[in-house]
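Residue numbering for the sequence shown follows the working numbering, starting at -4 and increasing by one per position.
Glycine included, every Cβ here is placed at the ideal spot set by N, Cα and C.
Everything on this sheet refers to the single structure shown next.
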Amino acid sequence: MTPTDDLHEKMTPAPRIVLRVPAADGRLEWRLFQQPVEVLQARKMEEVVPLLERVDRANGQGLWAAGFVSYEAAPAFDRAFVTGSPGELPLAWLALFRDWHPLDPEPPRAAAYSLSDWKASISAADYERAVESIHRWIAAGDTYQVNYTMRLWADFAGDAGSLFTALARAQRSPRSAFVDTGDRWAICSSSPELFFHRDGGRIVCRPMKGTAPRGRYPEEDQRRGEWLRHSAKNRAENLMIVDMVRNDLGRIARPGSVEVTSLFELERYPSIHQLTSTVEARTEASLAEIFTALFPCASITGAPKVRTMELIHQLEQEPRGVYTGAVGCVGPERQAHFNVAIRTVQIDRRAGIAEYGAGGGIVWDSVAADEYRECRTKTLVLTQVEPEFSLLETLLCEPETGLFLLDRHLDRLRASALYFDRPVDLEA
């Protein structure tokens, strides 16, 4: 039985969850959660915090929990937060499990699902008008940055697990997550952004802000990455979010323990470069206290958070759902790992609809056309299919002189492996 067959056979009973999380040694591993002992759902604001407190008690009894918290759950943690109607998706959904199983979900070669063409909720002209409104609010001092987002919809039929593995293959995200609630909903997340990782008394956040498209060849790709790394606009946006995360963590951290351990790190994905920073702290906070301090992640709201969420509510006509919420797991011994649910498809089986969100931070010097183009770049994961290929280098070999220009060939092979993120052993 192949790993792919194993994945889909094991994932037949629902609810089921697959997460990519760091192991104790730092390596990324796939974990399968199945056969829950209990499913917890919050459909009212007053149920969200008690649900997370129930998860904490279950962790104390040796159980794991995995699932999601929707963006619209934010007012449960602070009544000053304003969001739209949550729709029919639960505000929070987490299932309890006795344990998880290691899994190697090699993506399937043939898709067992179908999607229609994706249709955007707004046009470029609509987007430009929204950016003009945001610029007026910035000029009035209401906000410094607004994370404005759009939705895309497509008709969906078939196996949601196959869509997830196709997305995971296309994005190669370190924080991929699949949640099948066993009834109406499935969440396929190929998010690159870490919301928080807790290991004992240590908590780490990696806010992501700053995007540039990949280049067509290694030299152009390197130039675009370096441009993003040194872009004054993107660095300023990233630093603004880092300061917000520092302040949020400071609410639950041991005094003096909040530390920015990296700034403006460049991360490379198949279609985009991303700018990421890392903030760490020491904390004894419970899961509910962590969510109360941090949720929703500052990178997907803007600054200041309370007023900016009010403005987002005025601009965005549709609920975000799990998009810009969080997906992850919590375990015994104070372990937890949640992504920020971007690059995420939410499937409503009853309606036969798949929904995807894309957006970006709008600041004073943002140009609407550029920001709209960035949003569209973030949708490439939906249509970008990674072809099957290997790297092959041809060399001239002459009996008298041996391999011609060997060092240059190895340099080219090394550059290609870096560009395509393919492992290569040049010492073999």
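- Between the region 111 to 124 and the region 287 to 294, the count of C-beta pairs closer than 8 Å stays below three; the two stretches do not touch.
- K114 sits in a strand when the DSSP states are folded into three classes.
- Taking 7 Å as the cut-off, the Cβ atoms of A349 and V340 count as close.
- For the set R368, F191 and M239, the Cα lying nearest the Cα of A280 is the one of F191.
- In the structure shown, D99 adopts coil according to DSSP, grouped into three states.
- Beta-bridge partners of Q29 (DSSP): R11.
- The beta carbon of L377 sits closer than 7 Å to the beta carbons of W113 and Y351 from its chain, once the five residues preceding and following it are set aside; these are given in chain order.
- Ranked by Cα distance from N229, the first of V64, R344, D243 and Q140 is Q140.
- For H332, the number of other beta carbons within 10 angstroms of its own is at least 16, and it is reported as buried.
- Contact holds between the region 66 to 77 and the region 306 to 317, because three or more Cβ pairs, one in each stretch, are under 8 Å apart.
- When DSSP reads this structure, N233 sits in no beta bridge, so it has no partner.
- The DSSP assignment places complete alpha helix (DSSP H) segments of no fewer than 4 residues inside the region 276 to 338 at 282 to 289 and 300 to 310, in order along the chain.
- A buried status is given to P85, since no fewer than 16 other beta-carbon atoms sit within 10 Å of its beta-carbon.
- Annotation for G82: P314 and G316 place their beta carbon closer than 7 Å to its own, counting only its chain and skipping 5 residues before and after.
- Spanning the alpha carbons of V126 and L387 requires a straight line of approximately 46 Å.
- Listed in chain order, the non-local C-beta contacts of T138 below 8 Å within the same chain comprise I129, W132, G297, A298, P299, R302, T303 and L306, local neighbours out to five positions each way being set aside.
- Ranked by how close their Cα comes to the Cα of L158, the residues Y143, I198, A181 and G136 have A181 in first place.
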